[in-house]
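Going by our numbering, the sequence shown opens with residue 957, and the numbers climb by one from there.
Written out below as structure tokens is the structure these notes cover.
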Amino acid sequence: VLIDLDHFKQVNDGHGHLVGDAVLAKVGARLTACLRDSDKVGRYGGEELLLLLPGMTQQSQHRLRAIHEALSLAPYEVGTARPLQVTCSVGVSWYRVGDTAASLLARADEALYRAKRSGRNRIEPEEPESSVA
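Have a look at this one:
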């Protein structure tokens, strides 16, 4: 799972990098509260996060919705005059026999960019016929 914080550059540009860092810390705390012990999370880029959710199936997407809602619904209290509303776009791929880390990541990245092109603040699963390597 790849998560991108929507328009996060505006947070840094409008409020400064210290506020941006505070938002990232709160995003991390909210995300950690949603994860199981077996799940892994890491910062993948500036405002992108990478999740590994072992055992996640296409039928258990309610977990993805819960993660998305935890990150996007409630504003972030970070010492600004008003709480900051931050949303996220999510791209999802599922392990297939023979996958490499690169192929799995490429399909999640493709889904993430589809979420962003479709208006952001949404979850996009990989397309069933997706064969990005």
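All C-beta atoms, glycine included, are put in the ideal place defined by N, C-alpha and C.
- Contact check between the region 1074 to 1081 and the region 1003 to 1012: fewer than three CB pairs, one atom from each, fall below 8 angstroms, which does not count as touching.
- Residue pairing by DSSP puts Y1032 in a beta bridge opposite L1040.
- Distance from D993 to L1008 at the Cβ level is roughly 12 angstroms; contact not present, criterion being Cβ atoms closer than 8 angstroms.
- Distances from the alpha-carbon of E1004 to those of H973, A1058, L1060 and H963 put H963 closest.
- DSSP, read as helix, strand or coil, puts S1045 in strand.
- Linking A985 to V979 through their CA atoms gives a straight-line distance of about 10 angstroms.
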